[in-house]
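For reference, the structure is listed below as structure tokens.
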Amino acid sequence: MALTEKDVRYIAGLAHLELGEEEMRKFLPQLDAILGHIEKLNELDTARVEPMAQVTYPAAENPALRADAPEPGIEQSDALANAPDQGAGCFKVPSVIEKD
Amino acid sequence: MDLCALTISEIHSGLGRKQFSAEELARAHFERIEREDSAVRAYLSLSPERALAQAKKVDAAIARGEPLAPLAGVPIAVKDVLLTRGLPTTCASKMLAHFIAPYDATAVERVEAAGALVLGKTNCDEFAMGSSTENSAFAPTRNPSDLTRVPGGSSGGSAAAVAARLAPIALGSDTGGSIRQPAALCGVVGMMGTYGRVSRYGLVAFASSLDHVGPFGRSVGDVARLLGVIAGRDPKDSTSAGVPVPDYPAAMEADVRGLKIGVPKEYFNGLSAAIGDNIERGIDRFRKLGCAVKPISLPHTDFAIACYYIICTAEASSNLARYDGVRFGYRAPGFSGLREMYQKTRDGGFGPEVKRRIMLGTYVLSSGYYDAYYLKAQRVRTLIARDFLEAFDDVDVILTPTSPIPAFKLGERMDDPLQMYLADIYTVTASLAGIPGISIPCGSTRDNPPLPVGMQLLARHFDEARLLQAARAFERAGGFEAA
Chain A
1 MALTEKDVRY
11 IAGLAHLELG
21 EEEMRKFLPQ
31 LDAILGHIEK
41 LNELDTARVE
51 PMAQVTYPAA
61 ENPALRADAP
71 EPGIEQSDAL
81 ANAPDQGAGC
91 FKVPSVIEKD
Chain B
1001 MDLCALTISE
1011 IHSGLGRKQF
1021 SAEELARAHF
1031 ERIEREDSAV
1041 RAYLSLSPER
1051 ALAQAKKVDA
1061 AIARGEPLAP
1071 LAGVPIAVKD
1081 VLLTRGLPTT
1091 CASKMLAHFI
1101 APYDATAVER
1111 VEAAGALVLG
1121 KTNCDEFAMG
1131 SSTENSAFAP
1141 TRNPSDLTRV
1151 PGGSSGGSAA
1161 AVAARLAPIA
1171 LGSDTGGSIR
1181 QPAALCGVVG
1191 MMGTYGRVSR
1201 YGLVAFASSL
1211 DHVGPFGRSV
1221 GDVARLLGVI
1231 AGRDPKDSTS
1241 AGVPVPDYPA
1251 AMEADVRGLK
1261 IGVPKEYFNG
1271 LSAAIGDNIE
1281 RGIDRFRKLG
1291 CAVKPISLPH
1301 TDFAIACYYI
1311 ICTAEASSNL
1321 ARYDGVRFGY
1331 RAPGFSGLRE
1341 MYQKTRDGGF
1351 GPEVKRRIML
1361 GTYVLSSGYY
1371 DAYYLKAQRV
1381 RTLIARDFLE
1391 AFDDVDVILT
1401 PTSPIPAFKL
1411 GERMDDPLQM
1421 YLADIYTVTA
1431 SLAGIPGISI
1441 PCGSTRDNPP
1451 LPVGMQLLAR
1461 HFDEARLLQA
1471 ARAFERAGGF
1481 EAA
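So the sequences go chain by chain: A and B. According to our numbering, the first sequence is numbered sequentially starting from 1. According to our numbering, the second sequence is numbered sequentially starting from 1001.
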């Protein structure tokens, strides 16, 4: 396993992170070491093992469904109270569609 | 009488006999926090108005002769990843430094409905990611046993608050050991219930298949009482289980003679004498109590860290996508266009460990790698869970050290994230399996000053009562001061 700077830049892009030069220098060997440790899982043959996609123990009665009845939710003013920028009852963001 | 050194039952007997009021209890704790917390830094924010208003309500109920609710008048510290309506909820992150929660987490709502006084919000690793509380964006918390050392993490503030008597009980969250490990390093009791035992509604999500809310206390009885209040089905959390909640304070007093305790050999490989000798003495104490101790094997233990750090980072990268500067939290200044706003916001709002985990999680989920990493880890998770289920065919409780090392010096492990991750080796296994675990104090090291050592007990799904019973017998047989 040898992660390259190009890989790290690509992942940062996917994650919407803008890493500085110093962070890049630090993260590359650290991520590489962690991924190196993770390689350990390849020692196990798991071809016939089901993935554990559900943690809730099967013996637990888990009534996850409820009646589909409307209930009062969070107020609009509460939902907007922490917004960095808002107006007319909406969250405001920089313009998305560019003018010609 | 030191109002900051009481158990819940002592608080209730004092309130009942009018030796002190709930308001005096709250004030005594705020005074102690004022005096002591500048050195420990367990709290990020305090909520005196809320605590005192609640204390007055409790005192009025007592004056009317009403019976005491389960946590009436009991001060409590709340980890700053649990939402508290009208109060800051920062996750110890610059991203949420000014976030005021619009509603209460179910655990918070339940402790307050049971009469508890919320003193304030405690420090932690940013978004609960870390094992030392050094990843807090604001300041590290220090271990009350030795202020040059970390309290563990990520719920280091809650553990330190309880250890330093800045609160009798506290709420924390545990994803891979974040309650049990700081409890061990600070010398208090900390518990993670079965996955689904306690509602996570209002817990800021880190890794949803692993996140738990759970209690801290200085005694097993206090932890049993707090767990009893927060446990149980919550319609607002579809993963919370509809399994009946036993009367834990009553159940914990049951006799442990004949209890079968398994000791997995994989948890003692290369363990230092400083920890191992204390655990051995703890095992002897259980033998003297009439428990049958037998060696067992959990063969996939060695794969747990790799498995855990794939699953938790993958889930974190997805959960933390919501922090984009649009609906709440930090928005970076000086951007042109939406994408740059996202990038600058996430770059400026998250600290290094959170970014590292988002990067790792994004990588293992990225196109072409999903099967090799995430799916592989889910398969290994099945093997780890199966190890436990098979072991519980033969034993009632599994006993291990909580942490391979005692509290380490601040800064000592910050530059090597892999070493920091490997310190979670004994706690991540139960998290992956979804079974409950408790850490109780079990002696101390020969350091100067001595450092607490923690023993972890694990049980079958929804068998928290058994853990409390074993822990209570251990406590009754010799206390937590010396194992």
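Just so you know, even glycine gets a beta-carbon here, dropped at the ideal spot from N, CA and C.
**Request:** Leaving out five residues on either side along the sequence, give the residues of the same chain with a beta carbon under 6 Å from the beta carbon of Ala1482 of chain B.
**Result:** To locate residue 1482 of chain B, count along the second sequence from 1; it is residue 482. Because Ala1482 of chain B sits at a pLDDT of 42, beneath the cut-off of 50, its placement in the model cannot be relied upon, and the point is left open.
**Request:** Spatial neighbours of Lys1056 of chain B within its chain, please: CB distance less than 8 Å, with the 5 preceding and 5 following residues excluded, ordered by chain position.
**Result:** One-based indexing of the second sequence puts residue 1056 of chain B at position 56. Excluding residues within five positions, the ones whose Cβ falls inside 8 Å are Ala1022 and Glu1023.
**Prompt:** What separation, rounded to the nearest whole angstrom, lies between the Cα atoms of Arg1218 of chain B and Ser1318 of chain B?
**Reply:** Looking up residue 1218 of chain B in the second sequence gives position 218. Looking up residue 1318 of chain B in the second sequence gives position 318. C-alpha separation (whole angstroms): 36 Å.
**Message:** Which residue wins for smallest C-alpha separation from Pro29 of chain A, given the options B:Ala1473, B:Pro1450 and B:Asp1416?
**Reply:** Counting from one through the first sequence, the residue named residue 29 of chain A turns up at place 29. Nearest C-alpha to Pro29 of chain A: B:Asp1416.
**Prompt:** Mind pulling the beta strand (DSSP E) runs of 3 or more residues that sit fully within the segment 1107-1185 of chain B?
**Reply:** 1117-1122 and 1169-1174
**Prompt:** Do you know offhand how far Phe1408 of chain B's Cα is from Ile74 of chain A's?
**Reply:** As a first step, residue 1408 of chain B is located in the second sequence; it is residue number 408 there, counting from the start. As a first step, residue 74 of chain A is located in the first sequence; it is residue number 74 there, counting from the start. Straight-line Cα distance between these residues: approximately 43 Å.
**Request:** Please state whether DSSP places Gly1196 of chain B in a helix, a strand or coil.
**Result:** Sequence index remark: in the second sequence, residue 1196 of chain B carries index 196 (1-based). In this structure, Gly1196 of chain B counts as coil in the three-state DSSP scheme.
**Prompt:** Cα separation between Lys1376 of chain B and Gly1349 of chain B?
**Reply:** On the second sequence, position 376 is the one that residue 1376 of chain B refers to. On the second sequence, position 349 is the one that residue 1349 of chain B refers to. Distance between the alpha carbons of Lys1376 of chain B and Gly1349 of chain B is about 32 Å.
**Asked** chain B partners of Pro127 of chain A, CB-CB under 7 Å?
**Response** It is not possible to answer for residue 127 of chain A, since the shown part of chain A is limited to 1 through 100.
**Prompt:** In chain order, which continuous runs of the alpha helix (DSSP H) of length 4 or greater are located wholly inside the segment 1364-1414 of chain B?
**Reply:** 1376-1391
**Asked** So, using beta-carbon positions, are His1212 of chain B and Gly1193 of chain B closer together than 8 Å?
**Response** For the purposes of this step, residue 1212 of chain B is identified with residue 212 of the second sequence, where counting begins at 1. For the purposes of this step, residue 1193 of chain B is identified with residue 193 of the second sequence, where counting begins at 1. Their beta carbons are under 8 Å apart, which means His1212 of chain B touches Gly1193 of chain B by this criterion.
**Request:** Give the interface partners of Ile74 of chain A over in chain B, defined as CB-CB distance under 9 Å, in chain order.
**Result:** As a working mapping, residue 74 of chain A is identified with position 74 in the first sequence. Going along chain B in sequence order, the residues near Ile74 of chain A (Cβ under 9 Å) are Pro1102 and Tyr1103.
**Item:** Limits of the unbroken alpha helix (DSSP H) element including Ala1292 of chain B
**Value:** Residue mapping note: residue 1292 of chain B aligns to position 292 of the second sequence, counting from 1. Run containing Ala1292 of chain B: none in the alpha helix (DSSP H); it sits in the beta strand (DSSP E), Ala1292 to Ile1296.
**Prompt:** Which runs of the beta strand (DSSP E) fall wholly inside the segment 1002-1055 of chain B and span at least 3 residues, in chain order?
**Reply:** 1043-1046
**Request:** Using alpha carbons as the reference points, say which of B:Lys1344, B:Ile1384, B:Pro1151 and B:Ile1179 lies closest to Ser1297 of chain B.
**Result:** By 1-based counting over the second sequence, the position of residue 1297 of chain B is 297. It is B:Ile1384 whose Cα lies nearest to the Cα of Ser1297 of chain B.
**Three-way DSSP call (helix, strand, coil) for Cys1312 of chain B in this model** = Your numbering for residue 1312 of chain B matches position 312 in the second sequence. Helix at Cys1312 of chain B.
**Prompt:** Ordered along the chain, which non-local residues of its own chain (more than five positions away) have a Cβ less than 7 Å from that of Tyr1201 of chain B?
**Reply:** Here the question's residue 1201 of chain B lines up with position 201 in the second sequence. Here the set comprises Ala1105, Thr1106, Asp1234, Lys1236 and Asp1237.
**Asked** What in chain B is Cβ-close to Pro51 of chain A, meaning under 7 Å?
**Response** Position 51 of the first sequence, counted from the first residue, corresponds to residue 51 of chain A. Chain B residues near Pro51 of chain A: Leu1375, Gln1378, Arg1379 and Thr1382.
**Item:** Coarse secondary structure for Ala1483 of chain B, derived from DSSP in three states
**Value:** Looking up residue 1483 of chain B in the second sequence gives position 483. Unreliable placement is indicated for Ala1483 of chain B, whose pLDDT of 38 sits below 50; no coordinate value is reported for it.
**Request:** Quick one: list the residues of chain B neighbouring Ala12 of chain A, beta-carbon separation under 7 Å, in chain order.
**Result:** Mapped onto the first sequence, residue 12 of chain A falls at position 12. Within chain B, the residues near Ala12 of chain A are Met1359.
**Sequence-distant residues of the same chain with beta carbon closer than 7 Å to Ala1304 of chain B, five excluded per side** = Your numbering for residue 1304 of chain B matches position 304 in the second sequence. Within the same chain, Ala1304 of chain B has close Cβ partners Ile1384, Ile1425, Val1428, Thr1429 and Leu1432.
**Prompt:** Is Gly1157 of chain B near Gln1181 of chain B, with beta carbons less than 8 Å apart?
**Reply:** Within the second sequence, numbered from 1, the residue matching residue 1157 of chain B stands at position 157. Within the second sequence, numbered from 1, the residue matching residue 1181 of chain B stands at position 181. Not in contact: Gly1157 of chain B and Gln1181 of chain B (Cβ atoms no closer than 8 Å).
**Asked** By the criterion of Cβ-Cβ separation under 7 Å, what are the contact partners of Pro1417 of chain B in chain A?
**Response** Your numbering for residue 1417 of chain B matches position 417 in the second sequence. Those are Gln30 and Ile34, listed as they occur along chain A.
**chain B contact residues for Lys40 of chain A, given Cβ-Cβ distances below 8 Å** = Position 40 of the first sequence, counted from the start, is the residue given in the question as residue 40 of chain A. Result: Asp1302, Phe1303 and Ala1306.
**Prompt:** In whole angstroms, what is the alpha-carbon distance linking Ser1199 of chain B and Glu98 of chain A?
**Reply:** For the purposes of this step, residue 1199 of chain B is taken as the residue at position 199 of the second sequence. For the purposes of this step, residue 98 of chain A is taken as the residue at position 98 of the first sequence. Spanning the two alpha carbons is a distance of roughly 45 Å.
**Message:** Given this structure, state the Cα-to-Cα distance separating Ala1159 of chain B from Ala1423 of chain B, to the nearest angstrom.
**Reply:** As a position in the second sequence, residue 1159 of chain B is number 159, starting the count at 1. As a position in the second sequence, residue 1423 of chain B is number 423, starting the count at 1. Spanning the two alpha carbons is a distance of roughly 18 Å.
**Message:** Quick check: the Cα distance between Ser1047 of chain B and Leu1119 of chain B, rounded to an integer number of angstroms?
**Reply:** Translated into the one-based positions of the second sequence, residue 1047 of chain B becomes position 47. Translated into the one-based positions of the second sequence, residue 1119 of chain B becomes position 119. In a straight line, the C-alpha of Ser1047 of chain B is about 5 Å away from that of Leu1119 of chain B.
**Prompt:** Which runs of the beta strand (DSSP E) fall wholly inside the segment 1412-1446 of chain B and span at least 3 residues, in chain order?
**Reply:** 1437-1444
**Request:** Please compile the residues from chain B whose C-beta is within a distance smaller than 7 Å of the C-beta of Glu18 of chain A.
**Result:** Numbered from its first residue, the first sequence carries residue 18 of chain A at position 18. The answer, in chain order, is Gln1343, Lys1344 and Asp1347.
**Request:** In angstroms with no decimal places, state the Cα-to-Cα distance between Pro1406 of chain B and Ser1178 of chain B.
**Result:** Working through the second sequence from its first residue, we reach residue 1406 of chain B at position 406. Working through the second sequence from its first residue, we reach residue 1178 of chain B at position 178. Straight-line Cα distance between these residues: approximately 15 Å.
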